[in-house]
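For the sequence shown, our numbering gives the first residue as 1, with consecutive numbering after it. Ideal placement from N, C-alpha and C gives every residue a C-beta, glycine not left out.
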Amino acid sequence: MPVSDSKRVVLGMSGGVDSSVAAKLLKQQGYDVIGVTLKVWEEEDATSVSKRWQERGCCKVGMARHVAELLGISHRVIDTRERFQKGVIDDFIGGYLQGTTPNPCVRCNERVKFEGLFQVADALGADYIATGHYANIKHDEGGTPLLVRGKDAKKDQSYFLYRIPPSWLSKMMFPLGDMEKPDVWREAEAMGLPVDELKESQEICFVTQGDYRQFLKQHAPQASTPGTFVDETGKELGQHQGVAFYTPGQRKGLGIAGGSRLYVQRVLPDMNMVVLGPAEDLDSRECLVSDLNIFSPESLQHANKIDVKFRYSSPPVPATYRWSDSTSITIRFDAPVRALSPGQSAVFYLGDRVLGGGIIQGPSPKKNIQMCVETDSAARPQR
């Protein structure tokens, strides 16, 4: 982390424990800290505006303001709800309607949070922007900034940061990068913060119902379009409630009784079908990744073996890769992985260093289900 000469830092303050402690550490290190809360989401109803900060999943403005007053730093609130709606929520809804599994936290960091903080920093002439993420910025021998994992392996959030433009890294700081979560909680207690009330939520911040399916039903009624469950041969197995409500690997809530256990294999939105099959059919050895953001193409070219994290909650797995074309990479896993989901992110690591990543396009289908279904449906009477 750079040594402060009263340099100015714009710090994203959500009102949570991590950004609050980050503010304290930056102030102790002598930085001129400007706290910024990006207001990204609030349900437009009569009850939402009266919710206390403890009850909100994000934008805890009251707590952020309290911490700023406690530390004697300035604080401002920036309304980014329109940008959040277009860049995150619309993308979230559209992804599920198209049969993919979007990652709103990745998109928020890319399109809203860091872009918003950098705009404020530019307007105020700040030297850096900072957040309470568990990640780190290190430098190689030539002084090039690198995004690396945070010290706390259980809380490392580098997976969510891989879409940051490489040019931003030199102006980014992560004060908690070398800390572990228990130490952060102790710092919060020392500040006198109500740690019992600052419980962390693992849910998506704008899905206040606790289930993304309920959110889709409310905000995208067209998601509730019934269709057909089929197996890999095209045989009908039953009726589904809408392709948006199913993701690869899902077993619960299918409503298919009898026989062996079936899991969602893939979703075919153009045909309004969900393909089911046995657990072993979920295993894949390779997948195509596109919509890439690579921090250092040279480093990726020289790496014969990389680790790939294809889900935040899953550990990285060893793999090799090859460029399919100038915009896509095919990942070959050393051992089969289960339930790859198109729309999720695959992030590439070399040791602790993040090389970049992209959006999973899905494993190669084992059979051409479309041909099977078309052949079968041609002989079936129309309903």
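When C-beta atoms of the stretch 307 to 317 are compared with those of the stretch 263 to 279, fewer than three pairs fall below 8 Å, so the two segments do not count as touching.
In this structure, V148 sits away from K155, with a CB-CB distance that is not shorter than 7 Å. Assignment of I78 by DSSP, reduced to helix, strand and coil, places it in the strand class.
Taking C-beta separations shorter than 6 Å and ignoring five residues to either side along the sequence, the partners of E110 in its chain run R163, following chain order.
Taking the Cα positions, V40 is about 21 Å away from M172.
Rounded to the nearest whole angstrom, the CA to CA distance from A121 to L38 is 13 Å. Only exposed fits N304, as fewer than 16 other CB atoms lie within 10 angstroms of its CB.
Within the stretch 83 to 170, the complete beta strand (DSSP E) segments at least 3 residues long are 128 to 130, 135 to 139, 145 to 149, listed from N- to C-terminus. Under the criterion of beta carbons closer than 8 Å, I73 and I34 qualify as touching, at roughly 7 Å.
Closest in C-alpha terms to G62, from the list G15, G234, I331, S167, comes G15. Residues T101, T247, P248, I360 of the same chain have their beta carbon placed closer than 7 Å to that of S341, with the five preceding and five following residues left out of the count. Measuring C-alpha to C-alpha distances from Q214 to each of A244, D231, V112 identifies A244 as the nearest. Sequence-distant Cβ neighbours of I93 in its own chain, meaning closer than 7 Å and more than five residues away, are L216, H219, A220.
Per DSSP, the beta-bridge partners of V9 are V33, Y128. Here Q28 is exposed. Its C-beta has fewer than 16 other C-beta atoms within 10 Å. H133 places its beta carbon less than 7 Å from that of Q157.
Taking C-beta separations shorter than 6 Å and ignoring five residues to either side along the sequence, the partners of L262 in its chain run I256, L276, following chain order. A distance of 7 Å or more separates the beta carbons of V21 and V195. Your pair F174 and C105 does not check out as a contact, with CB atoms roughly 16 Å apart and the cut at 8 Å. For C287, the beta-bridge partners assigned by DSSP are I331. The alpha-carbon separation between A23 and R338 amounts to approximately 40 Å. In terms of Cβ geometry, V17 and A188 form a close pair [threshold 7 Å].
Remark: C-beta atoms of P318 and D334 approach each other more closely than 7 Å.
Beta-bridge annotation (DSSP): E232 is not paired with any residue. Classified as exposed, P278 has fewer than 16 neighbouring CB atoms from the shown chains inside 10 Å of its CB. Membership of F174 in any alpha helix (DSSP H) is not indicated, and neither H nor E is assigned to it by DSSP.
Non-local C-beta neighbours of H75 in its own chain, meaning closer than 6 Å and more than five positions away in sequence, comprise G35, R65, A68, ordered along the chain.
Buried is the label assigned to K60, since at least 16 other Cβ atoms lie within 10 Å of its Cβ. The Cβ-Cβ distance between G357 and D291 does not fall below 7 Å. Counting other Cβ atoms within 10 Å of its Cβ, G116 reaches 16 or more and is therefore classed as buried.
Note: R338 is bridge-paired with D283 in the DSSP secondary-structure output.
Residue environment: G30 is assigned as exposed (fewer than 16 neighbouring CB atoms within 10 Å of its CB, all protein chains considered). Between F295 and P336, the alpha-carbon positions lie close to 27 Å from each other.
With a threshold of 16 other beta carbon atoms within 10 Å, T131 meets it and is buried. Secondary structure note for G62: its alpha helix (DSSP H) is the uninterrupted segment 61 to 71.
Contact check for V10 and A126: beta-carbon distance about 5 Å, within the 8 Å limit, so the pair qualifies.
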